[in-house]
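A.B. asks:
Residue numbers (UniProt numbering), protein chains in the order written: chain A, 1 to 526; chain B, 1 to 526.
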């Protein structure tokens, strides 16, 4: 491998520099990296191209999850830098979540030199087959002349109508190739987000004719503007409002209306939607999370579904236009910011939700993974100060800590919390190290119940006993108990334990008094 | 989801029970599991079908790597149990290594109910696209009637001529379906391993005509029997012997000949093979690990390569037949077991290799990941007592600890060591917890140099400076330093630190005095 640097004598640049410059000039200025040998020219270019921040992850799922969190908050892509097929594969689970969140990501994967692939060397792998399921766009750069345009095309695709992960494979020889004349700057064209006025008219007619309706909200409908418009519509028409169950991003608190999430389990979700037209505002048609015997997969009949705005549309603007069109009064009443009274005692999930809601400073971001404390927190958080929640959109666990990491990189002026179940935290536990390395003041709250709660719930639903030997062994995490304080210290993160309401409250106050790095609180749940 | 148990009144069994019984009856009796909701009927069946040991991993890469280590030692497949496409994807890196090792694995992946896939629910994923690159065989069970035969076909494929990973997808409705009449027992047919006598004749003619030759050995050639036969051939003909660079499994020490590994870097590998015929005995034709400018990808010219035995052949028997055919004397001299004299002082990689070689009890297994100490250990280990080494066959890092875990499950009577670099250990660090849970007496030696050594080496090779800001940040792991003792305690594993030869020697003695669970030794390298 012969990796040229910027050669000032001859005026050449490396292929990697061209990719980096093109990305940076399109606004992509963060790279979450776990490079290997085939990415070394790209690493070298990070030292010659100014303006791109590189952040190392010890595991690829940390990088891809961080890029997801970053993209949700920044509204533009971060780069990843992954090592061939196996490195990419380690990032697939969180790319799957990013795909469901429609998060723009420029997913850069290094590969062997082009002429080495035919030898089927140990690390040779079918990157395309591994990448297609999570990518809206895939290309392996074939020629030196395409480096800039392929990069621009990737960013355009990530920001396009099918927003999501664009996977750009860079053979190492094209990273290191010396290029004399760079192509003229490649053009990135993000899709413009708009909405369809004819749909607004149809939904208005429906509501004005007295149909009972549910507004099912996702995407930009869950911005503050979208929620206020939805509340106006609800007040004027009696429609109910639900967020999709796992929104990529939703604003909460600070006087916004309390828009609940559509229930996860099918029975209450069916009840919430029964006998109503379901107006989709940036959300997909609701289906059950899993297939359950005797329960329809579609939570609403297709003939009851009405499209107001697609997930990629400006659903907030569509809701405003709808509210105006039906003559809804201009101010909807939101929920006042108010502290919860929480009695001192053991840490129940409900108490955790309320204590955290009380503790949030203005403009906090809360990455939520796991149902144990996640649901009670969202129930409590309508009363909190204004904040943003980020949830697990695709069900691939190990998402919460990396997403918090990426959000903290995107928003250095906001405090970031990770409300995280213990089982799912383990999949990308290495995120702690990067948080410490980057001095990111993230507060992690680990809900330590030492079991896979969702599996025990699903076992019970299915009539299977959870206390038989194998089922127990595969759903319990108590032998040995994970020592979260030790783990956290192992990665350089200060940690403490809280078993009571008062202890958690004090631990949160102590954590918020510092902004010099991450803090972890193990919550021992009752 | 409605999951029937074995119903003694009606004589029905669940589909999952049929899969489990078929696997168990074919000798597959260990399941490395990280299940989710769609695998709950399978979990339930583990409580009704006797004779399958289930072992929980906190991350899928732990499960697949453990299945690789198990299969290499047991010579038969373990099952994995993974959760849809994203769970499978987390296991892909170590399945990639298993594919290169030709390790038989029955890779079971749960999926949605068949009629739920059309709704594209959050966890719906293209499992086939994610699985094909690492699987020699792939099938999603389509019908109740196929459960037993598909399972048997999967095991036959895993043990077939194209030995490797067989991926069997089980929709959850087919796991829970009640089956009245089980099909007659499905038949598993592993491929018989043999060799081609005509090839033996051709190689014998070559050697007897005085051609200089290298025996390049892999697969069964690296058994004790194969190595002894190779040494006879070498003594009789002047041929040199090399192991492939990253063997799945090789016997070492205990009086065996010292057969070195073909060098990793291309220049010394080319020198080792220059001007010789390359006789392949269970190894693939040698190619460079990566593509390097100005260096051929093929380390030997195709016209110089002679096939004695394919990777799936009985290469040890072929070598014996060859030794007999050329009239090589019956006893080749091996290396005597002898302790290295190691002076007290700081821990250099060479000292680590020798101290560990001295400490190995008879029939130890050493899982090696990372070059820093791996190469010096293999150099030293020819003098050790008889042991087996397992190496990283596919280059996807995060392999060493899970492989040690699986080997310990396969061989409870043997002591297992993991000689492991710190950077690669992080990818599947959760393996520690399963080792503690299963009370496996594995001794982990973490080579803590707080950097990605291989990346700094490759940067230096390519003429790029490793001390520029970004290159440093992406190859150094010293900020914060990972506290291995704390991490280890976090997962319930006793740990200590060694910075000198004497301290390491004492720590190894102390670890070997216990057989009640894993021990970790952080080796602070000089």
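Ideal Cβ placement from N, Cα and C applies to all residues, glycine included. Computed from a predicted model, the values in this text were never measured in an experiment.
(1) For residue 332 of chain B, collect the residues of the same chain with a Cβ closer than 7 Å to its Cβ; drop the 5 residues on either side in sequence, then sort them by chain order.
(2) Just checking: is the beta-carbon of residue 43 of chain B within a distance shorter than 8 Å of some beta-carbon in chain A?
(3) Could you tell me which residues DSSP puts in a beta bridge with residue 242 of chain A?
(4) Please list the residues of the region 439-461 of chain B that have a C-beta atom closer than 8 Å to any C-beta atom in chain A, keeping them in chain order.
(5) Note down, in chain order, every chain A residue with its Cβ under 9 Å from the Cβ of residue 298 of chain B.
(6) Within a Cβ cutoff of 6 Å, which residues of the same chain sit near residue 73 of chain B, ignoring the five residues on either side of it in sequence?
(7) Give me, in chain order, the residues of the same chain whose beta-carbon lies closer than 8 Å to that of residue 200 of chain A; leave out the 5 immediate sequence neighbours on both sides.
(8) Pairing CB atoms from the region 443-461 of chain A with CB atoms from the region 16-26 of chain B, are three or more of them under 8 Å?
(9) Does any residue of chain B have a CB that is nearer than 8 Å to the CB of residue 537 of chain A?
(10) Three-state secondary structure (DSSP) at residue 430 of chain A?
(11) Going along the chain, which residues of its own chain have a beta-carbon closer than 7 Å to the beta-carbon of residue 38 of chain A, five neighbours each way excluded?
(12) Can you tell me whether residue 11 of chain A is buried or exposed, with buried defined as 16 or more other CB within 10 angstroms of its CB?
(13) Taking a cut of 7 Å between CB atoms, which residues from the region 95-106 of chain B lie near chain A?
(14) Can you check DSSP and say which residues form a bridge with residue 82 of chain B?
(15) Do we get a CB-CB distance below 8 Å when we pair residue 324 of chain B with the residues of chain A?
(16) Can you give me the Cβ contacts of residue 380 of chain B inside the same chain, cut-off strictly under 8 Å, excluding the 5 residues immediately before and after it?
(17) Measure the C-alpha to C-alpha separation of residue 33 of chain B and residue 57 of chain B and round it to an integer number of angstroms.
(18) Keeping to the same chain, check which residues put their C-beta closer than 6 Å to that of residue 263 of chain B; ignore five residues upstream and five downstream.
(19) In the region 130-176 of chain B, which residue ranges form an unbroken alpha helix (DSSP H) of at least 4 residues, counting only runs that do not cross its ends?
(20) Assess, as a yes-or-no matter, whether the region 274-284 of chain B is touched by the region 151-169 of chain B under the definition of 3 or more beta carbon pairs within less than 8 Å.
(21) For residue 520 of chain B, which residues of its own chain have a beta-carbon under 6 Å away from its beta-carbon, when the five flanking residues on both sides are left out?
(22) Chain A partners of residue 289 of chain B, CB-CB under 7 Å?
(23) Assuming residue 372 of chain B and residue 453 of chain B make a contact with CB atoms under 8 Å, what is their CB distance in whole Å?
(24) Output yes if chain A places a C-beta closer than 8 Å to the C-beta of residue 468 of chain B; else output no.
(25) Please name the residue, chosen from B/203, B/52, B/103 and B/225, that lies closest to residue 330 of chain B on a Cα-to-Cα basis.
(26) Find the nearest neighbour of residue 59 of chain B within the set A/128, A/397, A/465 and A/470, judged by alpha-carbon distance.
(27) Is the CB of residue 489 of chain B under 8 Å away from at least one CB in chain A?
(28) Could you check if residue 1 of chain A is buried or exposed, using at least 16 other CB atoms within 10 Å of its CB as the buried criterion?
(29) Among the residues of its own chain, which have a CB less than 6 Å from the CB of residue 240 of chain A, if the five just before and after it don't count?
(30) So that I know if they touch, is there some Cβ in chain A lying closer than 8 Å to that of residue 394 of chain B?
(31) Let me know if residue 344 of chain A comes out buried or exposed under the rule of 16 or more other beta-carbons within 10 Å of its beta-carbon.
(32) For residue 312 of chain A, collect the residues of the same chain with a Cβ closer than 8 Å to its Cβ; drop the 5 residues on either side in sequence, then sort them by chain order.
(33) Whole-angstrom Cβ separation of residue 64 of chain B and residue 17 of chain B, contact assumed at under 8 Å?
(34) Between residue 348 of chain B and the rest of its own chain, which residues show a CB-CB distance below 6 Å, the 5 nearest in sequence each way excluded?
(35) With 7 Å as the limit, tell me which residues of the region 46-60 of chain A have their beta carbon closer than that to any beta carbon of chain B; keep them in chain order.
(36) Helix or strand or just coil, what does DSSP make of residue 533 of chain A?
C.D. replies: According to the data block:
(1) These residues qualify, in order along the chain: 228, 231, 232, 235 and 257.
(2) Closer than 8 Å to the CB of residue 43 of chain B there is at least one CB belonging to chain A.
(3) Answer by DSSP bridge pairing, in chain order: A/216 and A/260.
(4) Within the region 439-461 of chain B, 454, 455, 458, 459 and 461 place their CB atoms closer than 8 Å to a CB of chain A, listed in sequence order.
(5) Residues of chain A whose Cβ lies closer than 9 Å to the Cβ of residue 298 of chain B are, in chain order, 119.
(6) Cβ neighbours of residue 73 of chain B beyond the five flanking positions: 407, 410 and 411.
(7) Cβ neighbours of residue 200 of chain A beyond the five flanking positions: 308, 318, 321, 322 and 325.
(8) Fewer than three Cβ pairs drawn from the region 443-461 of chain A and the region 16-26 of chain B lie within less than 8 Å of each other, which leaves the two stretches out of contact.
(9) Only positions 1 to 526 of chain A appear in the structure, and residue 537 of chain A is not among them; the question remains open.
(10) Residue state for residue 430 of chain A is assigned as coil, using DSSP reduced to three classes.
(11) The answer, listed in chain order, is 83, 84, 110, 111, 112 and 172.
(12) Exposed is the call here.
(13) Among the residues of the region 95-106 of chain B, those with a Cβ less than 7 Å away from any Cβ of chain A are 96 and 100, in the order of the chain.
(14) DSSP lists B/109 as partners of residue 82 of chain B.
(15) By this cut-off, residue 324 of chain B is not an interface position.
(16) Hits under 8 Å: 340, 350, 353, 354, 356 and 357.
(17) Residue 33 of chain B and residue 57 of chain B have their C-alpha atoms some 6 Å from each other.
(18) Cβ contact annotation for residue 263 of chain B (same chain, cutoff 6 Å, sequence separation greater than five): 269, in chain order.
(19) At a cut-off of 4 residues, the continuous stretches assigned as alpha helix (DSSP H) that sit fully inside the region 130-176 of chain B are 147-158 and 172-176.
(20) With contact defined as three or more Cβ pairs closer than 8 Å, the region 151-169 of chain B and the region 274-284 of chain B are not in contact.
(21) So the qualifying residues of the chain are 444, 488, 493 and 495.
(22) Within 7 Å Cβ-Cβ: 121 and 122.
(23) Rounded, the Cβ-Cβ distance is 5 Å, consistent with contact.
(24) Closer than 8 Å: yes.
(25) For the residues B/203, B/52, B/103 and B/225, the minimum Cα distance to residue 330 of chain B belongs to B/225.
(26) Of the candidates A/128, A/397, A/465 and A/470, the residue whose Cα lies closest to the Cα of residue 59 of chain B is A/397.
(27) Contact of residue 489 of chain B with chain A is assigned, a C-beta pair being separated by under 8 Å.
(28) Confidence at residue 1 of chain A is low in this model, with a pLDDT of 35, below 50, so the placement of that residue should be treated as unreliable; the coordinate-derived value is given next. Residue 1 of chain A should be labelled buried.
(29) The residues are 214.
(30) Yes, contact with chain A.
(31) Residue 344 of chain A is exposed by the Cβ-count criterion.
(32) Result list for residue 312 of chain A: 102, 161, 162, 163, 191, 193 and 219, in chain order.
(33) In fact, because the Cβ distance is near 24 Å, the residues do not count as touching under 8 Å.
(34) Cβ-Cβ distances below 6 Å link residue 348 of chain B to 526 in the same chain, with the five nearest sequence neighbours on each side left out; the list follows chain order.
(35) Residues of the region 46-60 of chain A with a C-beta atom less than 7 Å from some C-beta of chain B are 46, 47, 54, 56, 58 and 59, listed in chain order.
(36) Because chain A here runs from 1 to 526, residue 533 of chain A falls outside it and cannot be looked at.
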